[in-house]
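A.B. asks: Position one of the sequence shown corresponds to residue 0 (numbering that gives the first Met the number 0), numbered consecutively onward.
Glycine included, each C-beta is placed from N, C-alpha and C at the ideal position.
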Amino acid sequence: MAHQVRAVVAREKGAPVSLETIIVPDPGPGEALVKIQACGVCHTDLHYREGGINDDFPFFLGHEAAGVVESVGEGVTDVAPGDFVILNWRAVCGQCRACRRGRPWYCFNTHNAKQKMTLLDGTELSPALGIGAFAEKTLVHAGQCTKVDPAASPAVAGLLGCGVMAGIGAAINTGNVGRGDSVAVIGCGGVGDAAIAGSRLAGAAKIIAVDIDDRKLETAKKMGATHTVNSRENDPVEAIQALTGGNGADVVIDAVGRPETYKQAFYARDLAGTVVLVGVPTPDMKLELPLIDVFGRGGSLKSSWYGDCLPSRDFPMLIDLYLQGRLDLGAFVTETIALDDVEKAFERMHHGDVLRSVVVL
Ligand SMILES: NC(=O)c1ccc[n+]([C@@H]2O[C@H](COP(=O)([O-])OP(=O)(O)OC[C@H]3O[C@@H](n4cnc5c(N)ncnc54)[C@H](O)[C@@H]3O)[C@@H](O)[C@H]2O)c1
Ligand SMILES: [Zn+2]
Ligand SMILES: [Zn+2]
0 MAHQVRAVVA REKGAPVSLE TIIVPDPGPG EALVKIQACG VCHTDLHYRE
50 GGINDDFPFF LGHEAAGVVE SVGEGVTDVA PGDFVILNWR AVCGQCRACR
100 RGRPWYCFNT HNAKQKMTLL DGTELSPALG IGAFAEKTLV HAGQCTKVDP
150 AASPAVAGLL GCGVMAGIGA AINTGNVGRG DSVAVIGCGG VGDAAIAGSR
200 LAGAAKIIAV DIDDRKLETA KKMGATHTVN SRENDPVEAI QALTGGNGAD
250 VVIDAVGRPE TYKQAFYARD LAGTVVLVGV PTPDMKLELP LIDVFGRGGS
300 LKSSWYGDCL PSRDFPMLID LYLQGRLDLG AFVTETIALD DVEKAFERMH
350 HGDVLRSVVV L
């Protein structure tokens, strides 16, 4: 039996999203049908709508979600109906060259549902990040469901499914931030603020928040920033150096993903320090750097895909820290909205008014 549900769809490049009735098949082998309780609005959803990811329209948007498993297909043993889960876009295969080398967070062959969800006329949908969750129900691979403590509120838990995990992981997994480190984070939206919260959790001594919007810098302080720099008014490289004894930060995280912010990150780190790129550039962007500086400054230049997270390891751990009051995930939820409010939430995101709008169903 297939299910008809309402879902947020981006039909064509740059056009406003629409609420459509879609068809979600019953789970086949290895798949799970999940009743969505909450789904955050991530900048990546907007990138999809603008055609910045690829041209496989129509997209079924939404991917930062939590909900309850409604039914599972043949052979599914890890999750069962009634389980409270966070959806992830890293259901590792266990067999690719990364998995075989014991680095499953780089898995090159992650699982998604095999069956397609469609519009009523049969047009196949491309689910954002292989999920699609601005809807009452969705179909995923069972490995995309990570069980966590049901004491966590869905609106908060769902955020770990993408942006907040990407930010925390950019700091603690990719950047390897540790006790006593100095960290600078460029771009303090949901992802950058999560990198700040992750740096605090890891014991960083100095956390410098950089943004072009003073409102974002205020929130960043609540997340754990010890210093702030408005990079519209001040040169961020000089400001970060001045705050770190003239040296630069041990780890600089670019949570914007533009050539100019990457260059700032590159020059604002200490010698032999680490740059982590977690913001997603568009395909047309180019970077030019003197190669002698790349050599002479040493250290490492890393990209962070999904915070190099392993959902089964990281989601339950972070939810537990949240429930213990040691990680304020609730602070990321600026507002809860209805399913038909996603387009307006994009506008508010674009104007920098929110950290996260979360659709609650
Ligand atoms: N790598 C991953 O796995 C992953 C996962 C989720 C999101 N992302 C990406 O992370 C980025 C941030 O996402 P978000 O949801 O936090 O977005 P957001 O729109 O909420 O935040 C972006 C922030 O950057 C600031 N900003 C913009 N231009 C700036 C500049 N030139 N200098 C300094 N600050 C600037 C804005 O004021 C805003 O506070 C996006 O590119 C998103 O696609 C990456
Ligand atoms: Zn793999
Ligand atoms: Zn996302």
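1) Report yes or no: do the segment 342-357 and the segment 323-334 share at least 3 C-beta pairs separated by less than 8 Å?
2) Report the rounded CA-to-CA distance for Val-16 versus Asp-82, giving the unit in angstroms.
3) Of the choices Glu-63, Lys-221, Ala-208, Leu-138, whose alpha-carbon is the least far from that of Tyr-305?
4) Taking just the CA atoms, how far does Gly-66 sit from Leu-360?
5) Ordered along the chain, which non-local residues of its own chain (more than five positions away) have a Cβ less than 6 Å from that of Ala-204?
6) On the premise that Ile-171 lies in contact with Ile-207, defined as a C-beta separation below 8 Å, what is that separation, rounded to the nearest angstrom?
7) Between which two residues does the beta strand (DSSP E) containing Lys-220 stretch?
8) Relative to the alpha-carbon of Glu-19, which residue among Cys-92, Asp-54, Ala-134 has its alpha-carbon at the smallest distance?
9) Which complete alpha helix (DSSP H) runs does the segment 32-118 hold, if anything under 4 residues is left out?
10) Please report how far the alpha carbon of Tyr-321 lies from the alpha carbon of Asp-327, in whole angstroms.
11) Tell me whether the beta-carbon of Gln-36 lies closer than 8 Å to the beta-carbon of Ala-90.
12) Quick check for students: name the residue ranges of the alpha helix (DSSP H) that lie wholly in the segment 251-299, counting only runs of 4 or more.
13) Taking Asp-283 as the reference, which of Gln-3, Cys-41, Asn-53 has the closest Cα?
14) Does any heavy atom of ligand 2 sit closer than 7 Å to the C-beta of Gln-361?
15) Is any non-hydrogen atom of ligand 2 found closer than 7 Å to the C-beta of Ala-112, if you look at the structure I gave you?
16) Quick check on DSSP: helix, strand or coil for Ile-206?
17) In whole angstroms, give me the CA-to-CA distance for Glu-342 and Ser-356.
18) Within 7 Å: the Cβ of Arg-296 and any heavy atom of ligand 5?
19) Counting C-beta neighbours from all protein chains within 10 Å, is the total for Phe-59 16 or more, i.e. buried, or is it exposed?
20) I need the DSSP call for Ser-152, collapsed to helix, strand or coil.
21) Can you tell me where the alpha helix (DSSP H) holding Gln-240 begins and where it ends?
22) Sort out for me which residues DSSP pairs Cys-144 with in a bridge.
23) Measuring from the CB of His-62, is there a heavy atom of ligand 3 at a distance below 7 Å?
24) So what does DSSP say about Pro-126, is it helix, strand or coil?
25) Do Val-190 and Ala-254 have their CB atoms nearer than 8 Å?
C.D. replies: Looking at the atomic coordinates:
1) Yes, the segment 342-357 is in contact with the segment 323-334.
2) Spanning the alpha carbons of Val-16 and Asp-82 requires a straight line of approximately 31 Å.
3) Closest option to Tyr-305, Cα to Cα, is Glu-63.
4) As the crow flies, the alpha-carbon of Leu-360 is around 10 Å from that of Gly-66.
5) Cβ neighbours of Ala-204 beyond the five flanking positions: Gly-179.
6) Between Ile-171 and Ile-207 the Cβ distance is about 17 Å, and since that is not below 8 Å, they are no contact.
7) Under the DSSP assignment, Lys-220 falls outside any beta strand (DSSP E), being part of the alpha helix (DSSP H) whose first and last residues are 213-222.
8) Checking every option, the nearest Cα to that of Glu-19 belongs to Ala-134.
9) Runs of alpha helix (DSSP H) with 4 or more residues, each lying fully within the segment 32-118, are found at 42-48, 96-99, listed in chain order.
10) Looking at the two C-alpha atoms, the distance is approximately 6 Å.
11) Taking 8 Å as the Cβ cut-off, Gln-36 and Ala-90 do not qualify as a contacting pair.
12) If only uninterrupted alpha helix (DSSP H) runs of at least 4 residues are considered, those enclosed by the segment 251-299 are 258-266, 290-296.
13) Among Gln-3, Cys-41, Asn-53, the Cα nearest to that of Asp-283 is on Asn-53.
14) The question about residue 361 has no answer, for the chain in this structure spans 0 to 360.
15) Because no heavy atom of ligand 2 lies under 7 Å away, the Cβ of Ala-112 does not count as near it: no.
16) Strand at Ile-206.
17) So the alpha carbons of these two residues sit roughly 11 Å apart.
18) In terms of ligand content, the structure shown lacks ligand 5 and carries ligand 1, ligand 2 and ligand 3 instead.
19) Buried: at least 16 other Cβ atoms inside 10 Å.
20) Correct three-state label for Ser-152: coil.
21) Per DSSP, Gln-240 belongs to the alpha helix (DSSP H) from 235-242.
22) Answer is Leu-86, bridged to Cys-144.
23) Checking the Cβ of His-62 against ligand 3 gives yes.
24) If DSSP states are grouped into helix, strand and coil, Pro-126 belongs with the strands.
25) A contact, by the Cβ cut-off of 8 Å.
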